[in-house]
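Number 236 in my numbering belongs to position 241 of the sequence shown; there are no gaps in the numbering. What follows is a short report on a single structure.
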Amino acid sequence: MTREEIEYRRYLERRIRRRKRRRQVMIARAVLLIVMLFALFGVFSLVRGLTGGHGSSKKSSKETPKMAEQTYEPKAENKQTPEVKKKKATAKPADDEADVPANVPNGYEKLYNSLVRLKGRYDGVEDILMNISKYPKELLNLAIKNHETIEFVAGYPKHDKDIEANGRISANELKKGIPLLQQWDTRWGYVKYGNSMIAVNGCGPTCLAMVYAGITKDTAMTPADIAEYCSNNNYYNDDTGTSWTLMTEGAKDFELSVKKVSLNAASIKAELKQKRPMICSMSPGDFTTQGHFIVIKGIDSKGKLLINDPNSIANSKKRWSIGRIIKQIKAAWSYSQE
């Protein structure tokens, strides 16, 4: 190797060493810069944290009264709790929990208290209350639900042995065509029918008695007579009451011509214009809370229906829109004499 080559190699080595030193210096400066940035960020965060802490402290100190007020409200409610409990303790007892006389049988408490509220408003209530143990529950319920029946119910102890009607339909009742008969009439209402008595569940026999008397002008067939016929010919069921077949097959035994009527206004009007009264089986609604039978006896000049409700004189005095009645009819039959 010549001298020149040796010098040139030394030159290259020095140059390489300078480059390495510059690179190391640059790396050191970069590391230092990064460290300084982290240090500045840390200082900034520390300062911000200290500043925020003082702000939060001020805010919380300002909100302290509000928080104290909020925690006071439940305490106020707690102070009211004994008062609420006291009111509950002194509240009026339920009907079946109120104090009742010793003569009131078990299970009659609610009925007794319902009747007490009617005392002084209707004749007969005091008699019922004094002798409440002598009355079947279904009769007491009848009096409570239908105040028209109170005097009838009050008279039950004198008629609890009735097995047949003690009066007939009068000729005077036939003057207006189809007579208005009540199932709770004292002439036959106490007579046993099925698992109760005609007053309670005898709407079916009473309706057929009205139609029969009005068409034939025969006053001999009372609701009690038709109820007996039902019992003897399986037209009554303890679970479902009077069967619809009484109004069809049964009516034929009384020499009545029967026609099933479509449940629309045109059909009903057509039957009534031909002077054919109708018996309708009704859903719960305007007339009772359970199934019921009514008689539609005619239609007035304004298109209102004339109805005989065997359970209500008040309902029988009203005029009913045909649309309202149709909505409650389950089945309907019209009648004439054979």
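Every residue, glycine too, gets a C-beta built ideally from N, C-alpha and C. Note that the coordinates shown come from a computational prediction; the quantities given were computed from them, not determined experimentally.
Contact check, residue i vs residue j, beta carbons under 8 Å
{"i": "Arg182", "j": "Asn161", "result": "yes"}
{"i": "Thr237", "j": "Gly199", "result": "yes"}
{"i": "Phe288", "j": "Ser278", "result": "no"}
{"i": "Leu334", "j": "Val120", "result": "Residue 334 is absent from the structure shown; the chain starts at -4 and stops at 333."}
{"i": "Leu301", "j": "Arg314", "result": "yes"}
{"i": "Tyr207", "j": "Phe249", "result": "yes"}
{"i": "Leu176", "j": "Pro272", "result": "no"}
{"i": "Ile294", "j": "Lys325", "result": "no"}
{"i": "Ile193", "j": "Ser331", "result": "no"}
{"i": "Ala138", "j": "Ile123", "result": "yes"}
{"i": "Lys129", "j": "Pro152", "result": "yes"}
Helix, strand or coil at residue i according to DSSP, with G and I counted as helix
{"i": "Ser226", "result": "helix"}
{"i": "Phe288", "result": "strand"}
{"i": "Ala86", "result": "For Ala86, the predicted model reports a pLDDT of 44, less than 50, meaning its position is unreliable; a value from the coordinates is still stated below. The answer is coil: DSSP assigns Ala86 none of H, G, I, E or B."}
{"i": "Val99", "result": "coil"}
{"i": "Gly327", "result": "Position check: residue 327 holds Ala in this sequence, whereas Gly was assumed. Strand."}
{"i": "Val256", "result": "coil"}
{"i": "Tyr151", "result": "helix"}
{"i": "Ser316", "result": "coil"}
{"i": "Lys132", "result": "helix"}
{"i": "Lys171", "result": "coil"}
{"i": "Gln19", "result": "helix"}
{"i": "Ser334", "result": "Outside the displayed range of the chain (-4 to 333) lies residue 334, so it cannot be described from this structure."}
{"i": "Lys140", "result": "helix"}
{"i": "Ser191", "result": "strand"}
{"i": "Ile158", "result": "coil"}
{"i": "Gly245", "result": "helix"}
{"i": "Ile302", "result": "strand"}
Span separating the alpha-carbon of residue i from that of residue j
{"i": "Lys255", "j": "Ala149", "result": "39 Å"}
{"i": "Asn167", "j": "Met216", "result": "15 Å"}
{"i": "Gln269", "j": "Pro218", "result": "26 Å"}
{"i": "Ser307", "j": "Cys202", "result": "12 Å"}
{"i": "Gly115", "j": "His154", "result": "24 Å"}
{"i": "Asp90", "j": "Pro131", "result": "Here the model assigns Asp90 a pLDDT of 47, short of 50, so the residue's position is not dependable, and the following value carries that caveat. Computed Cα separation, rounded: 19 Å."}
{"i": "Lys322", "j": "Lys292", "result": "18 Å"}
{"i": "Asn303", "j": "Glu333", "result": "23 Å"}
{"i": "Ser257", "j": "Asp94", "result": "53 Å"}
{"i": "Met31", "j": "Ile11", "result": "30 Å"}
{"i": "Lys15", "j": "Ala34", "result": "28 Å"}
{"i": "Trp179", "j": "Lys156", "result": "16 Å"}
{"i": "Pro96", "j": "Asn141", "result": "25 Å"}
{"i": "Asp233", "j": "Ser226", "result": "10 Å"}
Spatial neighbours of residue i in its chain, beta-carbon cut-off 6 Å, leaving aside the 5 residues before and after
{"i": "Ala260", "result": "Ile317"}
{"i": "Leu251", "result": "Tyr330"}
{"i": "Thr235", "result": "none"}
{"i": "Gly245", "result": "Tyr230"}
Same chain, Cβ closer than 7 Å to residue i, neighbours up to 5 away in sequence not counted
{"i": "Thr243", "result": "Val253, Trp328"}
{"i": "Glu133", "result": "Ser191, Val195"}
{"i": "Asn229", "result": "none"}
{"i": "Gly298", "result": "Ile317"}
{"i": "Pro174", "result": "Ile164, Glu168, Met205, Ala208, Gly209"}
{"i": "Ala222", "result": "Val186, Tyr188, Ile193, Gly197, Pro200"}
DSSP bridge partner residues for residue i (one or two, in chain order)
{"i": "Thr237", "result": "Tyr231"}
{"i": "Ile127", "result": "For Ile127, which the question treats as bridged, DSSP gives no partner whatsoever."}
{"i": "Ser276", "result": "Phe288, Ala326"}
{"i": "Ile308", "result": "Per DSSP, none; premise fails for Ile308."}
Own chain partners of residue i with C-beta closer than 8 Å, once the 5 adjacent residues on each side are dropped
{"i": "Ile127", "result": "Asn98, Val99, Pro100, Tyr103, Leu106, Tyr107, Leu110, Leu135"}
{"i": "Thr240", "result": "Tyr230"}
{"i": "Glu64", "result": "Note that Glu64 scores 38 on pLDDT, short of 50, meaning its location in the model is unreliable; the coordinates nonetheless yield the value given after this. Cβ neighbours of Glu64 beyond the five flanking positions: none."}
{"i": "Tyr67", "result": "Below a pLDDT of 50, predicted positions are generally treated as unreliable, and Tyr67, at 34, falls in that range; no measurement from the model is reported."}
{"i": "Asp118", "result": "Ile145, Glu146, Ala149"}
heavy atom of the ligand ADP below 7 Å from residue i C-beta
{"i": "Val99", "result": "This structure does not include the ligand ADP; it has no bound ligands of any sort."}
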